[in-house]
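Enquirer:
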Amino acid sequence: MSPYLLKLFSMIQKEKITNLILEYLNKESLFLVDTKVSRDNDIIITIESLDKVTIKNCADLSRIVEKGLDREEEDFSLTVTSAGLDMPFKVLKQYQKFIGEEVEILPKSGSKFTATLKSANKDQIEVSRFIMEKREGKKRAEKTEVTETYNLSDIKSTRPFIKF
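Going letter by letter, the sequence shown gives residues 418 to 581 in the numbering used here.
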């Protein structure tokens, strides 16, 4: 067998990691945002919560994965982290966490804008934002609140809007 195929077969599978940590995530009211496994078995697990993620949560998950994988069989490096405020949303629960909050949206076609997230489901989001709109009989455009719906498939990225 070629070294490439041998390496491919020895890679740690995402499903195996998910199965190891799922019970803990559910028990602690956490959810999985992403799991990445490189060809060199560098594992990065990103988690989130509707409330907060603690260092203890990350340490506990690290121990669970360490116990569930055999370093003698497959060497790996492991990082367990929470989703940062600068990280684009990847799962529906992240959108749901920020309902009522301002988010920054970058559509696949169009310019980035800030809006208040009103609702989210597996297919689309509804947002409210202010636009400048020219009204009949008025010389100047006026600020008008509009509610818009976007298909998630039409959005390149959404992330929390950070105010300073």
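Every residue gets a Cβ at the ideal spot worked out from N, C-alpha and C, and that includes glycine.
I'd like the span of the alpha helix (DSSP H) that includes residue 541, first residue to last.
Expert: Taken as a continuous stretch (DSSP letters only), residue 541 belongs to no alpha helix (DSSP H), being part of the beta strand (DSSP E) at 541–551.
Enquirer: Please return the same chain residues whose Cβ sits closer than 7 angstroms to the Cβ of residue 579, not counting the five positions on each side in sequence.
Expert: Within the same chain, residue 579 has close Cβ partners 502.
Enquirer: State whether the stretch 534–541 contacts the stretch 463–477, with contact taken as three or more CB pairs (one from each stretch) at a distance under 8 angstroms.
Expert: No, they do not touch.
Enquirer: Cβ of residue 479 within 7 angstroms of Cβ of residue 508?
Expert: Result no, Cβ atoms of residue 479 and residue 508 do not sit closer than 7 angstroms.
Enquirer: Considering residue 440, what are the terminal residues of the alpha helix (DSSP H) in which it resides?
Expert: Residue 440 -> alpha helix (DSSP H) spans 431–444.
Enquirer: With respect to the alpha helix (DSSP H) encompassing residue 451, which residues constitute its N-terminal and C-terminal limits?
Expert: Segment 447–454 is the beta strand (DSSP E) holding residue 451; no alpha helix (DSSP H) there.
Enquirer: Residues in the same chain with beta-carbon distance under 7 angstroms from residue 485, minus the five sequence neighbours each way, listed in chain order, please.
Expert: Around residue 485: 437.
Enquirer: In the DSSP assignment, find the beta strand (DSSP E) that holds residue 500 and state where it starts and stops.
Expert: Run containing residue 500: none; DSSP gives neither H nor E here.
Enquirer: Check each candidate in 494, 572, 490, 516 and name the one with the smallest Cα separation from residue 530.
Expert: With distances taken between Cα atoms, residue 530 lies closest to 572.
Enquirer: Figure out for me which residue from 494, 474, 451, 569 has the closest Cα to the Cα of residue 541.
Expert: Considering only alpha carbons, the answer is 569.
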